[in-house]
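Down below is the structure, laid out as structure tokens.
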Amino acid sequence: MNKRNLEEKIFLGLMLASVFIVMGSLILIVTVVVLNGVPSLSLEILTQTSEGGFYLGGGGGFLNAIVGSLLLALPATGLAFLFGITIALYLQKDFLNPHIANFIRLCLDILWGVPSVVYGVFCLTIMITIGMAGGSLLFGIIALTLLEIPIITRCIDESIKMVPIGLKESAYSLGSTKFETAVKVVRRQAMPGIIAGVLLGFGRGIGDAASILLTVGDSNYFPSSISDQTAALPTMILNLVSMPDQVVQNKAYAVAFVLLMIVLLISILTRYLTKKSSKHIIK
Amino acid sequence: MPNNIRNVFKHKLLIVGILSLFLSFIFLFIFNDLFLFALFLILFIILLIYNFVKVTRKLYDTLGTRLMLFVTASMIFLFFLLLIILINGSIDILQDQSLSELILSSTWKPFSGEFGLFAVIIDTLIVTAVSMLIAIPISVLSAIYIAEYAPKKFRKIIRPFIDVLAGVPSVVFGLCALLVFVPLVRDDIAPFFGNTISSGFGLFTASLILSIMVFPIIISLCVESFNAVPIALKEASLSLGATKWETVKKVIFRASGPGILAAIFLGFGRAFGETIAVAMVIGNQELIPKSLFGPGQTLASLIASNYTEVSSIPILASALIFVALILFVVVLIFNLLGYLVLRRASKRWKY
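Protein chains in written order, with numbering that gives the first Met the number 0: chain A, 0 to 282; chain B, 0 to 350.
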């Protein structure tokens, strides 16, 4: 009896220790970024574009990277959302044979697991083939869209699965067509999942570095057309941190701070919006 | 919509249609702008069709369903396109050198045309294995605590924590590793194991940061599968006098075994393909490691640290595409394995 209780105690201790490690690692990351980022943050650095030699200790800020990141992630999320909601609605039993739908789900899960650098290489391959070296906003958007489609689709799909059958049946019994039911009833009922999926995709897109690194290049200005090179937050962190100068390296933590704040904001927004939108769904 | 309003609406649309035809001609003849001409012409044609074709609900339904089918089919097409383009891109390097030469030679010197991946593959395996060794016990134990032991209040707090940890960008992980783990490994951990020459940039540092990145994936999937175990099973075990840990060990672990395995496969995929955080701390040298604290290079970080030379060495692009193909195929296999394990289990275990 004593031995069994001892085992229980030991493993409870181990569990508490591992939970502590997991929570501690997140707290560590946030404190490291905040402690190092906030001192090098200023209004000037947030509201100006980079001047020449920004990476060598020159003046200016990283507004161009913030704008670049948004210009990459927003259109990509929009496109991925359009794809995602269409596919997710079509995966319902009403439209598609469940076996085929499960095969498509498997494909999507595999695509979700594919490292983002593979999407970067995919776009790089196309860029080399059509002779557009150096990078452009367009291919960054394409890479991020590819990255986000499986995430958004699977999130929406999971919430569509939870839509009660009775709801669909009552829509059908009132004479609405399949398409009308999908777009008007199921879409509305799956709203919390849609919001969560879109925001999750956006968060992943704005923070992803590997696909962006290979496709967008770098620039000190706002991109004026879709074939321009552009700066982005993750690539700017990489560029800054590879510089030998300590002052320049500290700017990387300021950029990371902004990026982390965006991601945290998205996380809070997701909780708030899903809670708000799930008030109106029928259980 | 009432009928009279609909008529007014259609009337207005006709005016807009005529206006858009007019505008399209202006853009063609005065501004010579073909793009805007096409845009307005298309708008005109759509409005024309809308005015003369009686748009019934049946037509909407057919068109909408077709569109959805088209988009879904194009997604599947995309999946295969990805594979085809990666294979097509790596043909160049495979014609230049044999597959065995690529995989079994360990000299990676792009400038003299040598693309041996052996050392990189070994490094990748070591880094992934070590990070999983660290991550699996910690995350499974925390998942058990969250699912079975934790008070309700604590569960409410920890959920957002895990979600946020999952959403932190990999660059930020890399930065923290650079600031915290590199000095830690250099000054404390490596000397503790008798390695005093370590610079801190190496396989072990990369494994540490990877294990943190994998935590949220394994934890959230494990918690999900622990919660799916029917409560009657747990109660039966407890009523026979088993302690809580014994119930966990003998009932929950067994009932959710496939779920844990699938979570581990997914975590493996993430650790295997992580690029930026690894590239920042691993030291970026294509060597067979002499110790765990020495510098190395993984497949994914190889791409990130070599892509800039693609324009000067054409064959390098093909080599990197080949590396990406390896990543894709390995992730594909592991996802399929996870899927098969789960499917087999759901057939066999029915409670």
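All C-beta atoms in this analysis are idealised placements derived from N, C-alpha and C, irrespective of residue type, glycine included.
Residue i vs residue j beta-carbon contact at 8 Å
i: isoleucine 236/A; j: valine 170/B; result: yes
i: alanine 354/B; j: alanine 276/B; result: Nothing can be reported for residue 354/B: it is not among the residues displayed for chain B, which extend from 0 to 350.
i: asparagine 87/B; j: isoleucine 109/A; result: no
i: glycine 206/A; j: leucine 136/A; result: no
i: lysine 167/A; j: valine 184/A; result: yes
i: tyrosine 252/A; j: glycine 36/A; result: yes
i: asparagine 305/B; j: proline 109/B; result: yes
i: valine 228/B; j: alanine 254/B; result: yes
i: isoleucine 65/A; j: leucine 232/A; result: yes
i: phenylalanine 203/B; j: phenylalanine 267/B; result: no
i: phenylalanine 252/B; j: alanine 146/B; result: no
i: valine 129/B; j: isoleucine 259/B; result: no
i: isoleucine 216/B; j: alanine 142/B; result: no
i: threonine 307/B; j: valine 116/A; result: no
i: leucine 12/B; j: serine 23/B; result: no
i: serine 238/B; j: valine 250/B; result: no
i: threonine 123/B; j: phenylalanine 26/B; result: no
i: leucine 341/B; j: alanine 261/B; result: yes
Beta-carbon neighbours of residue i, restricted to chain A and to distances below 9 Å
i: valine 59/B; result: Per the sequence shown, the amino acid found at residue 59/B is tyrosine instead of valine. Under the 9 Å cutoff, chain A gives Thr176, Phe178, Glu179.
i: glycine 63/B; result: Thr176, Lys177, Phe178, Glu179, Ala181, Val182
Partner residues on chain B for residue i, Cβ-Cβ distance less than 7 Å
i: alanine 251/A; result: Leu174
i: glutamate 6/A; result: Trp244
i: alanine 209/A; result: Thr274, Ile275, Ala303
i: leucine 25/A; result: Phe160, Val163, Leu164
i: valine 215/A; result: Correct list: empty, because the minimum Cβ distance to chain B is about 12 Å.
i: phenylalanine 221/A; result: Under the 7 Å cutoff, chain B gives no residues; its nearest Cβ is about 22 Å from phenylalanine 221/A.
i: phenylalanine 292/A; result: Nothing about residue 292/A can be read from this structure; chain A reaches only from 0 to 282.
i: methionine 14/A; result: Leu140, Ser141, Ile143, Tyr144, Tyr148
i: isoleucine 20/A; result: Ile137
i: arginine 153/A; result: Ordered by position in chain B, no residue passes the 7 Å Cβ test against arginine 153/A, which lies about 12 Å from the chain.
Residue range of the alpha helix (DSSP H) that includes residue i
i: proline 114/A; result: Unbroken run through proline 114/A: none, as it is neither H nor E.
i: proline 159/B; result: 151-166
i: glutamine 245/A; result: 245-276
i: glycine 193/B; result: Here glycine 193/B belongs to no alpha helix (DSSP H), and DSSP marks it neither H nor E.
i: lysine 2/A; result: 1-36
i: lysine 243/B; result: 243-246
i: threonine 214/A; result: 209-214
i: lysine 233/B; result: 230-238
i: valine 280/B; result: 275-280
i: threonine 61/B; result: 56-95
i: phenylalanine 201/A; result: 190-206
i: phenylalanine 30/B; result: Taken as a continuous stretch (DSSP letters only), phenylalanine 30/B belongs to no alpha helix (DSSP H), as it is neither H nor E.
i: isoleucine 287/B; result: No alpha helix (DSSP H) holds isoleucine 287/B; DSSP gives it neither H nor E.
i: lysine 160/A; result: 136-160
i: tyrosine 144/B; result: Taken as a continuous stretch (DSSP letters only), tyrosine 144/B belongs to no alpha helix (DSSP H), as it is neither H nor E.
i: phenylalanine 225/B; result: 202-226
i: glutamate 100/B; result: 98-103
i: leucine 45/A; result: 42-46
i: arginine 269/B; result: 256-272
i: threonine 85/A; result: 62-89
Contacts of residue i in chain B (Cβ-Cβ under 9 Å)
i: arginine 270/A; result: Pro159, Asp162
Residue i beta carbon near the ligand ADP (any heavy atom closer than 7 Å)
i: serine 24/A; result: For the structure depicted, the ligand ADP is absent and the ligand set is empty, with no information on it obtainable.
Interface residues of chain A facing residue i [CB-CB closer than 7 Å]
i: leucine 177/B; result: Val240
i: asparagine 334/B; result: Asp108, Ile109, Gly112
i: glycine 352/B; result: Since the first residue shown for chain B is 0 and the last is 350, residue 352/B is missing from the structure and cannot be characterised.
Residues that residue i contacts on chain B, provided the C-beta gap is smaller than 8 Å
i: serine 17/A; result: Pro136, Ile137, Ser138, Leu140, Ser141, Tyr144
i: phenylalanine 82/A; result: Val70, Met74
Partner residues on chain A for residue i, Cβ-Cβ distance less than 8 Å
i: proline 168/B; result: Ile205, Gly206, Asp207, Ala208, Pro233, Leu258, Leu259, Val262
- Members of the segment 105-122 of chain A near chain B, C-beta cut-off 9 Å: For the segment 105-122 of chain A, which is checked against every Cβ of chain B, the residues closer than 9 Å are Leu105, Cys106, Leu107, Asp108, Ile109, Leu110, Trp111, Gly112, Val113, Pro114, Ser115, Val116, Val117, Tyr118, Gly119, Val120, Phe121.
- When Cβ atoms are compared, which residues of the segment 234-266 of chain A fall closer than 8 Å to chain B? Closer than 8 Å at the C-beta level to chain B, one finds these residues of the segment 234-266 of chain A: Ile236, Leu237, Val240, Ala251, Tyr252, Ala255, Leu258, Leu259, Val262, Leu263, Ile265, Ser266.
- Message: Output needed in chain order: residues of the segment 264-284 of chain B with a Cβ under 8 Å from some Cβ in chain A.
- Response: Listed by position along the chain: Leu265, Gly268, Arg269, Phe271, Gly272, Glu273, Thr274, Ile275, Met279.
- Residues of the segment 120-151 of chain A whose Cβ lies closer than 8 Å to any Cβ of chain B, in chain order: Contacts with chain B (Cβ-Cβ distance below 8 Å) from the segment 120-151 of chain A involve Val120, Phe121, Leu123, Thr124, Ile125, Ile127, Ala132, Leu145, Ile148, listed in chain order.
- Task: Would you list, in chain order, the members of the segment 28-43 of chain A that have their beta-carbon closer than 8 Å to a beta-carbon of chain B?
- Result: Among the residues of the segment 28-43 of chain A, those with a Cβ less than 8 Å away from any Cβ of chain B are Ile28, Val31, Val32, Asn35, in the order of the chain.
- Query: Looking at chain B, which residues of the segment 183-205 of chain A have a Cβ within less than 9 Å of any of its Cβ atoms?
  - Reply: Of all residues in the segment 183-205 of chain A, Leu199, Gly202, Arg203, Ile205 have a Cβ within less than 9 Å of some Cβ in chain B.
- Query: What residues from the segment 83-96 of chain A come within 9 Å of chain B, judged by C-beta to C-beta, listed N to C?
  - Reply: Those residues of the segment 83-96 of chain A that come within reach of chain B (Cβ to Cβ, closer than 9 Å) are Thr85, Ile86, Leu88, Tyr89, Leu90, Phe94, Leu95.
- Task: Using a Cβ-Cβ cut-off of less than 7 Å, list which residues of the segment 60-79 of chain A approach chain B; keep chain order.
- Result: Correct list: empty, as no residue qualifies.
- Message: Under 8 Å, CB to CB, which of the residues in the segment 28-44 of chain B have a partner in chain A?
- Response: Taking 8 Å as the Cβ-Cβ cut-off against chain A, none of the residues of the segment 28-44 of chain B qualify.
- For the segment 318-331 of chain B, which residues have a beta carbon sitting closer than 9 Å to at least one beta carbon of chain A? Contacts with chain A (Cβ-Cβ distance below 9 Å) from the segment 318-331 of chain B involve Leu319, Ile320, Val322, Ala323, Leu324, Leu326, Phe327, Val330, Leu331, listed in chain order.
- Quick one: which residues of the segment 211-230 of chain B get their C-beta closer than 9 Å to a C-beta of chain A? List them in chain order. With the criterion set as a beta carbon lying under 9 Å from some beta carbon of chain A, the members of the segment 211-230 of chain B are Ile211, Phe214, Pro215, Ile218, in sequence order.
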